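Chemist: One structure follows; several queries about it will come next.
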Amino acid sequence: MTKYIGVLTSGGDSPGLNAAIRGIGKAASGFFGMQVIGFRDGFRGLMENRAIPLDGATLSGILTIGGTILGTSRDRPDRMPVGGKILDITDVVVENYEKNHLDVLVCLGGGGTHKAALKLKEKGLNIITLPKTIDNDVAMTDVTLGFDTALGIATEAIDRLHSTAHSHHRIVVVEIMGHRAGWLALGAGIAGGADVILIPEIPYDVERIAGAIRQRARSGKRFSIVAVAEGAASQQDAAIHANALKKKEKAKGKAEKRKAREALAELELHHTGNTLRLARQLEELTHLESRVTILGYVQRGGAPSAVDRLLGTRLGTACAELISEDTFGVMVAARGEGTEPVSLEKVAGKRRVVPLDHPWVESARHVGTSLGD
Ligand code: F6P
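For the sequence shown, my numbering assigns the number -13 to the initial residue and increments by one for each residue that follows.
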């Protein structure tokens, strides 16, 4: 019997998604004789039943293209903004799954997508996920789709910032994405030879960073590159944030919960100016002119690297193979040179952050990089 597959991309886009869609589609239809459709704009498209056939013509020529041909959104079935309200539209999703006679729904996404995918699995749907995010913070996989490309972009940016920082004898503070994980900043910081690398996993002390920069100046290096992850925080701010998180977890009753949520949201809003504040503090403490570069969405855009094209193809084709064997309720994890199905329960709600004893952390310290602690 022909199998029917639905595919959607959810959460922030990342380079390599099209390679994965192509991998799933070509293997499923060309090799296993299945029928494949794609839903536009993540779970919103599934709710609105906006589907397109993922046939030979649609899949052709997309391997090298960035973003996702399906479009994406951060909308989730249990918290879908509809007409100014937040609704749980899980039943509509289940209905449309059945209306399209799907045997499986493949969701390509990061942390939020995995939580949504597990809920759909619990509703009885056959679900498979593929781990994608430039942040590399999905649990139980060696690496996520898009990380390698973003790492290359951020590294090249640091390379370019070096010559201008050197010429002007400045501190250049470069903000790198990664949400609450430091993989991108740490990887690009090491590869680009940043003098200071700040990641969320290691709260920093501004005085220590300034000390490291002053030490460089004394040895004749009057410029410094500070690679700061968007989620990095000072020791004081990290303690305040941890406290607010604890309060949110312990909160009882609606009012207390709302208050705790609001307090956390305020702290997160305050955090958005963190890199600018850090640069100002370093300028005051070192008397060296400082400049800020926020890399932002450039890290997610453009053509995927060869590594991400390979990874997308590997994960996508493995996904089709799992479907052919009726293996559902799993994420297709990247494991060594191959792949491995991991049950969604082991992935959803977990985040893979940089362990403090990770070899990259040790290498950075051994080449004399300050990690701000
Ligand atoms: O998860 C990928 C990511 O680019 C993070 O690094 C960043 O914090 C976030 O998405 C930005 O989200 P949005 O695309 O919703 O602005």
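We put the CB at the ideal spot given by N, CA and C, even for glycine.
Nothing here was measured: the structure is a model prediction, and the numbers come from that model.
Using CA atoms only, rank isn't needed, just tell me which of G42, N82, I309 and A289 is closest to N35.
Modeler: Selected option, being the one with the closest Cα: N82.
Chemist: Do L56 and I38 have their beta-carbon atoms positioned less than 9 Å apart in this structure?
Modeler: Their beta carbons are under 9 Å apart, which means I38 touches L56 by this criterion.
Chemist: Within the same chain, show all residues whose beta-carbon is closer than 6 Å to that of D145, passing over the 5 residues directly before and after it, in chain order.
Modeler: So the list reads G178, once near-sequence residues are dropped.
Chemist: Mind checking which residues open and close the beta strand (DSSP E) that includes G324?
Modeler: G324 -> beta strand (DSSP E) spans G324 to S329.
Chemist: Please say whether V92 and L(-6) have beta carbons closer to each other than 9 Å?
Modeler: Their beta carbons are under 9 Å apart, which means L(-6) touches V92 by this criterion.
Chemist: Between A215 and I183, what straight-line distance do the alpha-carbon atoms span, to the nearest angstrom?
Modeler: Those two C-alpha atoms are separated by around 8 Å.
Chemist: When you compare only the Cα positions, how much space is there between D399 and L40?
Modeler: A question about residue 399 goes unanswered here, because the residues of the chain that appear run from -13 up to 359.
Chemist: Near L342, what residues of its chain come up, given a Cβ to Cβ distance below 8 Å and the 5 sequence neighbours on each side ignored?
Modeler: Once the five neighbours on either side are set aside, the close Cβ partners of L342 are E187 and I188.
Chemist: To the nearest angstrom, how far is the alpha carbon of T355 from that of A198?
Modeler: Whole-angstrom Cα-Cα distance: 9 Å.
Chemist: I need the straight-line Cα distance from D77 to L111, nearest angstrom please.
Modeler: Going by the C-alpha atoms only, they are around 11 Å apart.
Chemist: Sort out for me which residues DSSP pairs E161 with in a bridge.
Modeler: Beta-bridge pairing links E161 to V214 and I280.
Chemist: List the residues that DSSP assigns as beta-bridge partners of A320.
Modeler: A320 pairs with T325.
Chemist: Of the choices I139, W169 and H256, whose alpha-carbon is the least far from that of H344?
Modeler: Checking every option, the nearest Cα to that of H344 belongs to W169.
Chemist: Measure the CB-CB distance between S0 and A136 and report whether it falls below 9 Å.
Modeler: It is a contact, given that the beta carbons lie within the stated cut-off.
Chemist: Going by DSSP, what residue range makes up the alpha helix (DSSP H) through Y83?
Modeler: Here the alpha helix (DSSP H) through Y83 covers T76 to K85.
Chemist: Could you spell out the range, first to last residue, of the alpha helix (DSSP H) harbouring K243?
Modeler: Counting along the chain, the alpha helix (DSSP H) containing K243 begins and ends at K240 to H257.
Chemist: Got a list of residues with beta-carbon closer than 6 Å to any non-hydrogen atom of the ligand F6P, in chain order?
Modeler: Those residues, listed in chain order, are G(-2), R60, G96, T119, I120, D121, M163, G164, H165, E216 and R286.
Chemist: With a cut-off of 8 Å, do at least 3 Cβ pairs link the stretch 116 to 132 to the stretch 316 to 331?
Modeler: Yes, the stretch 116 to 132 is in contact with the stretch 316 to 331.
Chemist: Tell me where the beta strand (DSSP E) around V(-7) begins and ends.
Modeler: Looking at the DSSP string, the run of the beta strand (DSSP E) that includes V(-7) is Y(-10) to T(-5).
Chemist: Anyone know if the C-beta pair for K105 and D64 falls short of 9 Å?
Modeler: Yes. Within cutoff.
Chemist: With DSSP as the reference, please indicate the residues paired to T115 in a beta bridge.
Modeler: Answer is C93 and M317.
Chemist: Taking 9 Å as the threshold (C-beta atoms), are V158 and A140 in contact?
Modeler: Not closer than 9 Å, so no.
Chemist: Could you check which residue in V339, K12 and T279 has the C-alpha nearest to that of T150?
Modeler: Comparing Cα positions, the closest option is T279.
Chemist: Report the three-state DSSP secondary structure of F25 (helix, strand or coil).
Modeler: F25 falls in the strand class under three-state DSSP.
Chemist: Would you grab the beta carbon distance between G9 and G298 for me? Rounded to a whole angstrom, and I think it's under 8 Å.
Modeler: With 8 Å as the limit, G9 and G298 qualify as a contact, their Cβ atoms being about 6 Å apart.
Chemist: Any idea what DSSP makes of L363, helix, strand or coil?
Modeler: The requested residue 363 is not part of the displayed model; the chain covers only -13 to 359.
Chemist: Between which residues of its own chain and R300 is the CB-CB distance below 8 Å, once the five residues before and five after are set aside?
Modeler: Cβ within range, chain order: G9, A320, G324 and T325.
Chemist: Between which residues of its own chain and A174 is the CB-CB distance below 7 Å, once the five residues before and five after are set aside?
Modeler: Once the five neighbours on either side are set aside, the close Cβ partners of A174 are L137, A140, T141, I144, I162 and A213.
Chemist: For V340 and A167, which I take to be in contact (beta-carbon distance under 8 Å), what is that distance rounded to the nearest angstrom?
Modeler: At roughly 7 Å, the Cβ-Cβ gap stays under 8 Å, so V340 and A167 are in contact.
Chemist: Just tell me which of S46, F29, M126 and G69 has its CA closest to the CA of T99.
Modeler: Among S46, F29, M126 and G69, the Cα nearest to that of T99 belongs to F29.
Chemist: Taking just the CA atoms, how far does G53 sit from G288?
Modeler: Distance between the alpha carbons of G288 and G53 is about 7 Å.
Chemist: K345 lies in the alpha helix (DSSP H); which residues open and close that run?
Modeler: The amino acid occupying residue 345 in the given sequence is Pro; Lys does not appear at that position. Note, P345: alpha helix (DSSP H), P345 to H352.
Chemist: Can you name the residues that DSSP bridges to M66?
Modeler: L73.
Chemist: Whose C-beta lies closer than 8 Å to the C-beta of A334 among residues of the same chain, with five residues either side of it excluded?
Modeler: H100, K101, A103 and L104.
Chemist: Measuring straight from C-alpha to C-alpha, what distance separates H352 and H227?
Modeler: Answer to the nearest angstrom: the Cα atoms are 30 Å apart.
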